[in-house]
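What follows is a short report on a single structure.
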């Protein structure tokens, strides 16, 4: 009787969802100019204008790194002068990489960033090897890298958010409190991303402005200290600079990790209003702005903290605030909390689009490409990412995954530059709303090769073997479930049905075959 009632309820819910889908399609086609007028209107909508696109880049790029651990670049570079050069060069490299991605995003017009670029450039070159790069990219980003990154960022948020309330409790209880607060924050950002893209845009715009304000507080404090004549640390210039190519590579790694996220707007190209203009323009606004903020924040830190202090304190910005801001020093932990929550929410928003696009292309479970019929969000993909992130939060000790994140990122960035050059040959006649000089992707490709090879040679570690292990694991999954299509069909059909009913989701109108 219980099983019969459950099946009957599910069928009734599914029929109600289908009726809602039909009604929504009719209403949307007649009244919403942003949805397609031919066929079903069940698809992701273009909700992000220029201001929102800029804030999306700010949201992903400005996380905890510049507040908590900016001294890693200083430690590897060895001097104040070389460190500032590393931060500046990292910003320039990020800008050049982002502009190259802007060409790819606008010429293809697809979300998913690297996944879509690899699929388009290499997908038809060979039956087995052609689609493999795009699958490995989705496998690493969706299943491992981004959920682990969100977990780390959310746990950093929780640590700073509950800090005033956990000063007198034991470390074990504090760790439990951090995990519970992390799960609560994850639930809130997941609710936002499932509910509405407009709600995400509104929240992210507010957080983006607050992040910039927090950075300006640090810079303002640094200007005040410099005006007082505190230039002793800065006057040391290039004293102690490293001359090791490996050391410089590791310093660049540290700087570029803080800048990571410059490609975030190309992950959601299909949701950008007028992407041919707003994608490259948002990059040209956001990345130089962040470069300026990062360089001047480092100058501010160095005006107050010595080399030894910057490389030893657990949170550089907090130490800076304690010394400079006095009673207003609470603004720094508050700024870190705001920056990390906004960053985690934006990273989750982006990786769900990679998951959605990969599922639409047949490289993830099809149900992750389904769209909620009322809210027009990829609700199953968002929920799946929340589940993976929850697992990483509960496990807790996942910093090893983040340690080789930069290696993976720059491996994929370099391959994206190859994809850009390939598409210029294979799709030479395709309109390009935006085009970068050929020297730009070639330079970024050389940087990616340098950053992918030299750290392994300079500091060989088991973490790179772990990275290769994840790639081999992905190849095994691809061979069995994608190439040979050996999937448990009956089980997947049940999962798809239950997911559709639970999230009121249906296949999108722009699904790929």
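Residue numbers (this note's numbering): 392 to 904.
C-beta: ideal position from N, C-alpha, C; glycine also.
No experiment lies behind these values; they were computed from the predicted model shown.
Take the alpha-carbon of residue 505 and the one of residue 635: they are about 32 Å apart.
Here residue 723 is buried. Its C-beta has 16 or more other C-beta atoms within 10 Å.
The shortest CA-to-CA distance from residue 611 to any of 583, 694, 569 is the one to 694. Residue range 562 to 586 is occupied by the alpha helix (DSSP H) that includes residue 580.
Taking 8 Å as the upper bound for CB-CB distance, residue 764 and residue 895 are in contact here, some 5 Å apart.
Per DSSP, reduced to three states, the secondary structure at residue 756 is coil, with no helix or strand assignment. Runs of the alpha helix (DSSP H) spanning 4 or more residues and lying entirely within the segment 775 to 824 occur at 790 to 794, 796 to 817, in chain order.
Sequence-distant Cβ neighbours of residue 458 in its own chain, meaning closer than 6 Å and more than five residues away, are 708, 727. Ranked by Cα distance from residue 479, the options 529, 679, 442, 603 are led by 679.
Between residue 808 and residue 451, the alpha-carbon positions lie close to 21 Å from each other. Distance from the CA of residue 782 to the CA of residue 653, rounded to the nearest whole angstrom, comes to 27 Å. A residue is called buried when at least 16 other Cβ atoms come within 10 angstroms of its Cβ; residue 537 meets this threshold and is buried. In the displayed model, residue 896 falls within a strand according to three-state DSSP. Exclusion of the five residues before and after residue 702 leaves 462, 465, 466 as the residues of its chain whose Cβ lies within less than 8 Å of its Cβ.
Scanning its chain for C-beta atoms nearer than 7 Å, with the 5 sequence neighbours on each side dropped, one finds around residue 677 the residues 445, 448, 449, in chain order.
Closest in C-alpha terms to residue 738, from the list 854, 509, 541, comes 541. Secondary structure at residue 762: strand, using DSSP grouped into helix, strand and coil.
Contact annotation, residue 573 with residue 473: C-beta distance approximately 36 Å; criterion of less than 8 Å not satisfied. Around the Cβ of residue 876, a 10 Å sphere holds fewer than 16 other Cβ atoms; the residue is exposed. When secondary structure is reduced to three states using DSSP, residue 696 falls in the coil class, being assigned neither helix nor strand.
For residue 438, no alpha helix (DSSP H) run applies, since DSSP gives it neither H nor E.
Note that the C-beta distance between residue 706 and residue 845 is not below 7 Å. Note that the C-beta distance between residue 488 and residue 664 is not below 7 Å. Here residue 670 has 444, 493, 496, 497, 656, 657, 660, 663, 825 as same chain residues with Cβ atoms under 8 Å from its own Cβ, once five neighbours each way along the sequence are excluded. With respect to the C-alpha of residue 522, the residue from 604, 490, 810 having the closest C-alpha is 810.
Proximity to residue 893 across 527, 761, 627 peaks at 761, based on C-alpha coordinates. When secondary structure is reduced to three states using DSSP, residue 453 falls in the coil class, being assigned neither helix nor strand. Counting along the chain, residue 479 sits inside the alpha helix (DSSP H) bounded by residues 471 to 499. In the three-state scheme derived from DSSP, where H, G and I count as helix and E and B as strand, residue 663 is classed as strand. The alpha-carbon separation between residue 476 and residue 681 amounts to approximately 15 Å.
Put simply, the backbone Cα of residue 888 is about 30 Å away from that of residue 514. One Cα belongs to residue 873, the other to residue 754, and the distance between them is close to 7 Å. Here the segment 557 to 570 makes no contact with the segment 741 to 759; the two share fewer than three CB pairs at distances below 8 Å. Residue 866 has its alpha-carbon roughly 44 Å from the corresponding atom of residue 687. When secondary structure is reduced to three states using DSSP, residue 619 falls in the coil class, being assigned neither helix nor strand.
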